[in-house]
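Asks: Going by the working numbering, the sequence shown opens with residue 1, and the numbers climb by one from there.
Every residue, glycine too, gets a C-beta built ideally from N, C-alpha and C.
I'd like to ask you about the structure that follows.
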Amino acid sequence: MPHDTPLIATIVAGLTLAFVFGAVAHRLKAPPLVGYLLAGVAVGPFTPGYVADQALASELAEIGVILLMFGVGLHFSLKDLLSVRAIAVPGAIVQIAVATLFGVLLAYVIGWPLGAGLVLGLALSVASTVVLLRAIQERHLMDTDRGRIAVGWLIVEDLAMVMALVLLPALAPLLGGSTEGMAPDPVAAYLGLGLPGILALTLVKVALFLVFMLVIGRRFIPWVLHWVAHTGSRELFRLSVLALALSVAFGAAKLFGVSLALGAFFAGMILSESALSQRAAQESLPLRDAFAVLFFVSVGMLFDPGSIVRDPWPMLATVFIIIVVKSAAAYVIVRAFRHPASTALTISASLAQIGEFSFILAELGVALKLLPSEGRDLILAGAIISILLNPVIFAIVDRINKREEDEEEAAAAASTAADAASRPAPVPAQPPPPKPPKRSEKTGHIVLVGYGRVGSLVGQDLLASGESFVAIEASDDAVALLQKSGVEAFSGNAAAGEVLKSANIAQAASVIIAIPEAFEAGQVVEQARQANPGIRIIARAHSDDEVNHLTDLGADTVIMGEREIARGMLEEFTSWRQKNRTQ
Ligand code: AMP
Numbered sequence: 001m002p003h004d005t006p007l008i009a010t011i012v013a014g015l016t017l018a019f020v021f022g023a024v025a026h027r028l029k030a031p032p033l034v035g036y037l038l039a040g041v042a043v044g045p046f047t048p049g050y051v052a053d054q055a056l057a058s059e060l061a062e063i064g065v066i067l068l069m070f071g072v073g074l075h076f077s078l079k080d081l082l083s084v085r086a087i088a089v090p091g092a093i094v095q096i097a098v099a100t101l102f103g104v105l106l107a108y109v110i111g112w113p114l115g116a117g118l119v120l121g122l123a124l125s126v127a128s129t130v131v132l133l134r135a136i137q138e139r140h141l142m143d144t145d146r147g148r149i150a151v152g153w154l155i156v157e158d159l160a161m162v163m164a165l166v167l168l169p170a171l172a173p174l175l176g177g178s179t180e181g182m183a184p185d186p187v188a189a190y191l192g193l194g195l196p197g198i199l200a201l202t203l204v205k206v207a208l209f210l211v212f213m214l215v216i217g218r219r220f221i222p223w224v225l226h227w228v229a230h231t232g233s234r235e236l237f238r239l240s241v242l243a244l245a246l247s248v249a250f251g252a253a254k255l256f257g258v259s260l261a262l263g264a265f266f267a268g269m270i271l272s273e274s275a276l277s278q279r280a281a282q283e284s285l286p287l288r289d290a291f292a293v294l295f296f297v298s299v300g301m302l303f304d305p306g307s308i309v310r311d312p313w314p315m316l317a318t319v320f321i322i323i324v325v326k327s328a329a330a331y332v333i334v335r336a337f338r339h340p341a342s343t344a345l346t347i348s349a350s351l352a353q354i355g356e357f358s359f360i361l362a363e364l365g366v367a368l369k370l371l372p373s374e375g376r377d378l379i380l381a382g383a384i385i386s387i388l389l390n391p392v393i394f395a396i397v398d399r400i401n402k403r404e405e406d407e408e409e410a411a412a413a414a415s416t417a418a419d420a421a422s423r424p425a426p427v428p429a430q431p432p433p434p435k436p437p438k439r440s441e442k443t444g445h446i447v448l449v450g451y452g453r454v455g456s457l458v459g460q461d462l463l464a465s466g467e468s469f470v471a472i473e474a475s476d477d478a479v480a481l482l483q484k485s486g487v488e489a490f491s492g493n494a495a496a497g498e499v500l501k502s503a504n505i506a507q508a509a510s511v512i513i514a515i516p517e518a519f520e521a522g523q524v525v526e527q528a529r530q531a532n533p534g535i536r537i538i539a540r541a542h543s544d545d546e547v548n549h550l551t552d553l554g555a556d557t558v559i560m561g562e563r564e565i566a567r568g569m570l571e572e573f574t575s576w577r578q579k580n581r582t583q
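The following block contains the structure:
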């Protein structure tokens, strides 16, 4: 190479290796996240071979953190949180308290000071949004009680961690840490403030930031987005979302001294109030994913696998806290609130892992000299192992729940039979909640893929004519609406084979693919044809190339949107012309 380009080398190595490791992880049925972390370990200083630039990687990772937190803010829904607050708030608080207590205990046994224990415990107490949402979505639990409780619970944990991120720097000196490596607060230095003063100043700054965002941000941000959306340029819109997220986060850090993470969280939260939020979320997804990957890679780079081999006991204790202690606490709380055991088990399983927030806390803890770097290694090892084990735990929970349900059903059947013989069956106190179907039982039906502008028109007509169909939609909100109106609908990417299977594609008569993206539509066509050679496939396209692509893959009919528009316009014109001529 003619000159040294460490930034490019870091991005290229990070993304490429993350892709390779992520793909391998996916093949092995592990979450890709584990692959990204291992890619980081591979380019990190503790393993032989190429070593990426750590300072650059961690700076790139900051952008990942900003975008991740922006996403968390976007998904934050006050309404959802309020609907489950009765259990989510006490549940999250007790679970955080228990995990932190055990973190402090573990630190005490190892011989670390209280501050290290607190950071360790807090980091172990918060689950990963990425991992939890994926687990819940895969099991179609998003619209069930247990799904909502788990998500609400996680939001409360996230909020508590946001507070911890803000307060830790102020509290660090008290806990035996130091803010030496960090930029001193000019106001605090000028006023010569002591610890209580600095703490108060931090809270004042956060309050100022909140007021600023609620008064000015809340008007300004939607206004900018609205204006950009009206320019009609997708490119500008995508850019505006990114620019807003990054500049609010950066401004929050520079002007108000609050963390980048909190700033981004608020930018996202404000966006989520406006009608454009759904679009904003989708527009920021690809970039967020790319930088989030770099974040996980850079976290992996800090991991010293040797530390685990040298001393495995603290690591085993860490995993024990994440998986057993936290789950037990969650189970007891959910049961105490008189929810069924199956709900308690699902919630425990979804929270029995740690992820991105723990890494952010660990980083801060190390920077503040509160947490020794071995503590960060423990947190990283705990995250990798608990994320890997999460699907296994879920499988066990699913099996237990299934057995209990079968037993209950058998018992219910037996008791109804006995009751029928003697006296009328007692009315159950509470009807069991409807279980979301794992797979459609329809046959000879239509599978309708995509329920947007095109799909919903098709769907309404099918409904009106009494045709039986199953919808597949990527947007959870749309699926929830459909299910509410009694339509059988599955959420997810139809290009992922599992989703098509749940719509029982193998026994369907026809599939109507009403999604705009030809690449994904092609995947659907291919899999549908493979699973059901006789199925009638009707697909949607926007160019001749796309029509050819979909036909080649096995679509029977491909309707090109633009051609239909032209046809409609011509028809309109011709009839108008004829009318005018005859007059
Ligand atoms: P429209 O272009 O308005 O007809 O919207 C297309 C709809 O298809 C949107 O509601 C998307 O959420 C949905 N969609 C797009 N891609 C997929 C996919 N791969 N799987 C399922 N739904 C999808």
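For methionine 301 and isoleucine 66, what's the separation of their Cα atoms in angstroms?
Replies: Taking the sequence shown and counting its residues from 1, one reaches residue 301 at position 301. Taking the sequence shown and counting its residues from 1, one reaches residue 66 at position 66. In a straight line, the C-alpha of methionine 301 is about 19 Å away from that of isoleucine 66.
Asks: Would you say the beta carbon of alanine 494 comes nearer than 7 Å to a heavy atom of the ligand AMP?
Replies: Position 494 of the sequence shown, counting from 1, holds the residue named residue 494. Alanine 494 Cβ: within cutoff of the ligand AMP.
Asks: Quick check on DSSP: helix, strand or coil for alanine 539?
Replies: Against the sequence shown, residue 539 aligns to sequence position 539. Looking at alanine 539 - three-state DSSP - the assignment turns out to be strand.
Asks: Could you check which residue in Asp461, Lys484 and Ala508 has the C-alpha nearest to that of lysine 442?
Replies: Taking the first residue of the sequence shown as 1, we reach residue 442 at position 442. The option with the nearest alpha carbon to lysine 442 is Ala508.
Asks: Provide the residue span of the alpha helix (DSSP H) that contains valine 204, from first to last.
Replies: Along the sequence shown, one-based indexing puts residue 204 at 204. Where valine 204 is concerned, the enclosing alpha helix (DSSP H) stretches over 195 to 212.
Asks: Hey, is valine 449 close to the ligand AMP, as in C-beta under 7 Å from one of its heavy atoms?
Replies: Taking the first residue of the sequence shown as 1, we reach residue 449 at position 449. Valine 449: yes, Cβ under 7 Å from the ligand AMP.
Asks: Whose C-beta lies closer than 7 Å to the C-beta of alanine 539 among residues of the same chain, with five residues either side of it excluded?
Replies: The sequence position of residue 539 within the sequence shown is 539, counting from 1. Excluding positions up to five away in sequence, the list reads Ile513, Ala521, Val525, Leu550, Ala555 and Val558.
Asks: Can you tell me the Cα-Cα spacing of aspartate 289 and glutamate 407, whole angstroms?
Replies: For the purposes of this step, residue 289 is identified with residue 289 of the sequence shown, where counting begins at 1. For the purposes of this step, residue 407 is identified with residue 407 of the sequence shown, where counting begins at 1. Answer to the nearest angstrom: the Cα atoms are 43 Å apart.
Asks: If you check the beta carbons only, do glutamine 298 and leucine 7 fall under 8 Å apart?
Replies: Here residue 298 is taken as the residue at index 298 of the sequence shown, counted from 1. Here residue 7 is taken as the residue at index 7 of the sequence shown, counted from 1. The amino acid occupying residue 298 in the given sequence is serine; glutamine does not appear at that position. No.
Asks: If the criterion is Cβ atoms closer than 8 Å, does the pair arginine 139 and valine 84 meet it?
Replies: On the sequence shown, residue 139 is found 139 positions in, with the first residue counted as 1. On the sequence shown, residue 84 is found 84 positions in, with the first residue counted as 1. Going by C-beta atoms, arginine 139 is not nearer than 8 Å to valine 84.
Asks: Below 8 Å CB to CB, which residues in the same chain sit around valine 51 once its five sequence neighbours on both sides are set aside?
Replies: On the sequence shown, residue 51 is found 51 positions in, with the first residue counted as 1. The answer, listed in chain order, is Val43, Gly44 and Pro45.
Asks: Cα separation between arginine 238 and glutamate 405?
Replies: Translated into positions along the sequence shown, residue 238 becomes position 238. Translated into positions along the sequence shown, residue 405 becomes position 405. Roughly 47 Å separates the two Cα atoms.
Asks: Looking at C-alpha atoms only, which residue of Glu546, Lys438 and Phe256 is the closest neighbour of isoleucine 136?
Replies: Position 136 of the sequence shown, counted from the first residue, corresponds to residue 136. For isoleucine 136, the nearest C-alpha among the options comes from Lys438.
Asks: In the DSSP assignment, the alpha helix (DSSP H) including serine 358 goes from what residue to what residue?
Replies: The residue you call residue 358 lines up with position 358 of the sequence shown. 356 to 367 is the span of the alpha helix (DSSP H), which, as asked, contains serine 358.
Asks: Closest to leucine 141 by C-alpha separation, out of Thr346, His230, Val309 and Ala496, would be which residue?
Replies: For the purposes of this step, residue 141 is taken as residue 141 along the sequence shown, with counting starting at 1. Of the listed residues, the one whose Cα sits closest to leucine 141 is Thr346.
Asks: With DSSP as the reference, identify every bridge partner of glutamate 473, one or two as the case may be.
Replies: The residue labelled residue 473 in the question sits at position 473 within the sequence shown. Its beta-bridge partners are Ser491.
Asks: Have a look at the DSSP bridge pairing and note the partners of threonine 557.
Replies: Here residue 557 is taken as the residue at index 557 of the sequence shown, counted from 1. Threonine 557 pairs with Ile538.
Asks: Determine the extent of the beta strand (DSSP E) in which leucine 371 is found, giving its start and end residues.
Replies: Numbered from 1 along the sequence shown, position 371 holds the residue referred to as residue 371. It is not in any beta strand (DSSP E) - leucine 371 carries neither H nor E in the DSSP assignment.
Asks: What's the gap between the Cα of serine 272 and the Cα of isoleucine 96?
Replies: What you label residue 272 is simply residue 272 of the sequence shown in a count that begins at 1. What you label residue 96 is simply residue 96 of the sequence shown in a count that begins at 1. Distance between the alpha carbons of serine 272 and isoleucine 96 is about 27 Å.
Asks: The ligand AMP heavy atoms versus the CB of valine 454: any closer than 7 Å?
Replies: The residue given as residue 454 occupies position 454 in the sequence shown. Yes; taking the cut-off as 7 Å, the Cβ of valine 454 has a heavy atom of the ligand AMP nearer than that.
Asks: Glycine 35: which of Leu15, Asp4, Gln54 and Pro516 sits nearest, CA to CA?
Replies: Here residue 35 refers to the residue found at position 35 of the sequence shown. Out of Leu15, Asp4, Gln54 and Pro516, Leu15 has the C-alpha closest to the C-alpha of glycine 35.
Asks: What's the gap between the Cα of aspartate 552 and the Cα of glycine 450?
Replies: Position 552 of the sequence shown, counting from 1, holds the residue named residue 552. Position 450 of the sequence shown, counting from 1, holds the residue named residue 450. Each residue's Cα considered, the two are about 21 Å apart.
Asks: Look up valine 392 in the DSSP assignment and say whether it is helix, strand or coil.
Replies: Indexing the sequence shown from 1 puts residue 392 at position 392. Valine 392 falls in the helix class under three-state DSSP.
Asks: Which one of Ser125, Asp53 and Phe256 has the shortest CA to CA distance from valine 166?
Replies: Mapped onto the sequence shown, residue 166 falls at position 166. Closest option to valine 166, Cα to Cα, is Phe256.
Asks: Is serine 247 close to the ligand AMP? I mean its beta-carbon at under 7 Å from any heavy atom of the ligand.
Replies: Taking the sequence shown and counting its residues from 1, one reaches residue 247 at position 247. Not so, every heavy atom of the ligand AMP lies at least 7 Å from the Cβ.
Asks: Is the beta carbon of serine 485 less than 8 Å from the beta carbon of serine 440?
Replies: For the purposes of this step, residue 485 is taken as the residue at position 485 of the sequence shown. For the purposes of this step, residue 440 is taken as the residue at position 440 of the sequence shown. Taking 8 Å as the Cβ cut-off, serine 485 and serine 440 do not qualify as a contacting pair.
Asks: Got a sec: does the ligand AMP put a non-hydrogen atom nearer than 7 Å to the Cβ of serine 475?
Replies: Position 475 of the sequence shown, counted from the first residue, corresponds to residue 475. Yes, since a heavy atom of the ligand AMP falls inside the 7 Å radius drawn around the Cβ of serine 475.
Asks: Would you say leucine 168 and leucine 457 are within 8 Å of each other, going by their C-beta atoms?
Replies: What you label residue 168 is simply residue 168 of the sequence shown in a count that begins at 1. What you label residue 457 is simply residue 457 of the sequence shown in a count that begins at 1. Not a contact, by the Cβ cut-off of 8 Å.
Asks: Terminal residues of the continuous alpha helix (DSSP H) containing serine 272?
Replies: Looking up residue 272 in the sequence shown gives position 272. 260 to 273 is the extent of the alpha helix (DSSP H) around serine 272.
Asks: Taking buried to mean at least 16 other C-beta atoms within 10 Å of its own C-beta, is valine 325 buried or exposed?
Replies: Mapped onto the sequence shown, residue 325 falls at position 325. Per the 10 Å Cβ criterion, buried.
Asks: Who are the near neighbours of alanine 25 in its chain, counting only those whose CB is closer than 6 Å to its CB and skipping five residues on each side?
Replies: Here residue 25 corresponds to residue number 25 of the sequence shown, with the count starting at 1. Answer for alanine 25: Pro32, Val34 and Gly35, listed in chain order.
Asks: If you run the structure through DSSP and keep just helix, strand and coil, what is isoleucine 512?
Replies: As a working note, residue 512 is residue 512 in the sequence shown. Isoleucine 512: strand per DSSP, three-state reduction.
Asks: Beta-carbon within less than 7 Å of proline 372's beta-carbon, same chain only, minus the 5 sequence neighbours each way: which residues are those?
Replies: Here residue 372 refers to the residue found at position 372 when the sequence shown is read from its first residue. Here the set comprises Trp112 and Ala116.
Asks: Is it a yes or a no for the region 316 to 323 touching the region 376 to 396, going by three-plus beta-carbon pairs under 8 Å?
Replies: Verdict: yes, contact present.
Asks: Compute the distance between the beta-carbons of proline 64 and phenylalanine 250, then report whether it is under 8 Å.
Replies: Counting from 1 along the sequence shown, the entry for residue 64 is found at position 64. Counting from 1 along the sequence shown, the entry for residue 250 is found at position 250. Before going on, a small fix: residue 64 reads as glycine here, not proline. Not in contact: glycine 64 and phenylalanine 250 (Cβ atoms no closer than 8 Å).
Asks: Among Ala381, Ser342, Phe291 and Phe265, which has the Cα closest to the Cα of valine 309?
Replies: As a first step, residue 309 must be located in the sequence shown, where it is residue number 309. Minimum Cα distance to valine 309 is reached at Ala381.
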